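Working notes, beginning with the structure itself.
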Amino acid sequence: MMVKTKSSQIKRSKKHAKTWVNPASSSPSDVKPTDALELISKEEVQQSTSELTPYLWTNVGNGSYNRVWKSNFASPTSLVSGEPYQGPWVLKYPIESDNPVSNAMNQPSRSVRVWNEINHKLPKAGLHKAGWVAPFISDTRHATDEEVAHKLIEIYCEQRRIILDAATEGNFLTRSDTGEVILVDVDLALKRSNSFASLEYAKNLENRFASYWVNASLKKTMPTTLEVTRNLLFLEDYLQDSMDELCGKNLITLQNVLSLTWLRKNEKKLSLDLFKQIAVLNESDLFNEDLLQALVSVEEQSFKANPPELVKNSGSFLFFGTSSEDKEREYPTSSLEYYAK
10 MMVKTKSSQI KRSKKHAKTW VNPASSSPSD VKPTDALELI SKEEVQQSTS
60 ELTPYLWTNV GNGSYNRVWK SNFASPTSLV SGEPYQGPWV LKYPIESDNP
110 VSNAMNQPSR SVRVWNEINH KLPKAGLHKA GWVAPFISDT RHATDEEVAH
160 KLIEIYCEQR RIILDAATEG NFLTRSDTGE VILVDVDLAL KRSNSFASLE
210 YAKNLENRFA SYWVNASLKK TMPTTLEVTR NLLFLEDYLQ DSMDELCGKN
260 LITLQNVLSL TWLRKNEKKL SLDLFKQIAV LNESDLFNED LLQALVSVEE
310 QSFKANPPEL VKNSGSFLFF GTSSEDKERE YPTSSLEYYA K
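All residue numbers for the sequence shown refer to our numbering, where the first residue is 10 and numbers rise by one.
Now the structure itself:
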């Protein structure tokens, strides 16, 4: 849920993934301790009963996954050990769900780690009470479709993370003074290797996001971001083992990733050689779908005539293809899917 305030960093605690609809905004209200969940102690909420004493934390959003506050301290305050930044802060408390996988993705320790990985140029996030705090980023606006798309490529090349809900309004903000694009909601920053929570969440991605990809509002306002997100998942399905090479050679560009749409929509395979050919065509400003289809046809015929040596899939979870048949499929030693049918 997004709550419209001065900065959209203080925004939604997400609605359930099946709906992907932002509810109407609500006005901030002071935190009121409850018996159901003592998120912040009474002393933290209010220093005294005097009307002249401000509340320390102002509630700015309560939803399905997080309760969110902004600090309203009387003086600058450090909350993260070793971090000189003294506020203002955003505080998030996760709301436990019935889904253990979602809970794992929403753990404060994971959120802090992912924030500090992705936003390493910003003040550090840290654990606080039963939740976590991050710096409040002021003087911002919602990032545009093009800005988010470029940032997705940057984050993927640096961190190998795909921001699944990148198209959701308010997840990325742009600083008005510098133009810097910042990811402020890290819950669905997925890394499909060496991450237990991400791998578990990835097992059922196709079903989780079926309605998200076809959301009419998102397709109208953030079409490029949606395509980049889906194409990064498609690219990683086939070339995960080659990403260090491709990123090192600066081949994971916005143009090259967008060029994969026809392959993804038509359920074609992607080899390392084919991707490199796509990059060459884009570099020469010669890329078009007719030429791509011709290259695919040639490669398919080549693989049928000379199928590569096969090995069992290493166990990564494919986004585009999660049936039992896919799980038992064999793959060539290069980890690319073979073309012989």
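Heads up, the beta-carbon is just placed ideally off N, CA and C, and yes, glycines get one too.
Keep in mind that this is a model prediction, so the values were computed, not measured.
Bridge partners for residue i per DSSP, in chain order?
i    : result
A198 : I172
P103 : N75
H159 : H159 is not bridged to any residue.
R239 : Paired residue(s): none; R239 is not in a bridge.
V121 : In DSSP, V121 forms no bridge with anything.
P144 : W98
T187 : Paired residues: none, contrary to the question.
S80  : W66
H151 : L182
H137 : G140
L192 : F181
Looking only at C-alpha atoms, which of the options sits nearest to residue i?
i    : options                   : result
P117 : K274, V289, I104 and N128 : I104
I127 : R184, A303, E163 and L244 : E163
T149 : T187, A134, R169 and I172 : T187
E292 : K313, L263 and K274       : L263
R121 : Y102, D107, P109 and G96  : First, the residue type needs correcting, since residue 121 is Val and not Arg in the sequence shown. Selected option, being the one with the closest Cα: Y102.
Q352 : V69, S84, C166 and L161   : For the chain, the structure presents residues 10 to 350; residue 352 sits outside this window and is missing.
F312 : L283, D299 and R184       : L283
V69  : Y247, W98, E276 and M114  : W98
Y247 : L269, L182 and S111       : L269
Q310 : S87, K258, H129 and K278  : K278
A83  : L65, Y94 and F145         : L65
T153 : D294, T177, T86 and Y221  : T177
K79  : K138, Q168, F145 and T86  : F145
N81  : Y94, T67 and S202         : T67
R169 : P85, K274, Q302 and E245  : E245
From residue i to residue j, what distance separates their C-alpha atoms?
i    : j    : result
Y74  : S306 : 46 Å
F243 : V123 : 22 Å
K200 : T233 : 21 Å
A175 : V157 : 7 Å
A143 : G179 : 16 Å
K285 : L255 : 9 Å
D194 : S280 : 33 Å
R119 : V89  : 16 Å
E308 : I171 : 28 Å
N108 : F218 : 16 Å
G96  : E215 : 39 Å
D196 : N315 : 44 Å
L304 : L290 : 11 Å
V77  : E189 : 24 Å
G91  : L100 : 18 Å
E298 : I287 : 10 Å
K258 : M252 : 10 Å
T230 : N125 : 29 Å
A198 : L161 : 10 Å
G140 : N115 : 10 Å
L192 : E276 : 31 Å
A134 : N112 : 19 Å
L131 : I261 : 25 Å
H129 : S87  : 18 Å
Y94  : L173 : 29 Å
E155 : T238 : 13 Å
L300 : W271 : 12 Å
E236 : V110 : 26 Å
L48  : S226 : Low local confidence applies: a pLDDT of 49 at L48 is under 50, so the model's placement there is unreliable, with the coordinate-based value given in what follows. One C-alpha to the other measures close to 34 Å.
S185 : L295 : 36 Å
Q302 : Y221 : 28 Å
S391 : K138 : Residue coverage of the chain in this structure runs from 10 to 350, which leaves residue 391 outside it and unanswerable.
S147 : L136 : 21 Å
L274 : P85  : The question names Leu, but residue 274 is Lys in the sequence shown. Distance between the alpha carbons of K274 and P85: 52 Å.
K228 : S202 : 29 Å
Since residue i and residue j are thought to touch, with beta carbons under 8 Å apart, how far apart are those beta carbons, to the nearest angstrom?
i    : j    : result
V266 : L241 : 6 Å
L182 : H159 : Incorrect: roughly 14 Å between the Cβ atoms, too far for contact.
Practice problem: Can you check the segment 238-322 for any beta strand (DSSP E) of at least 3 residues that lies completely inside it and give the ranges in chain order? | Solution: 319-321
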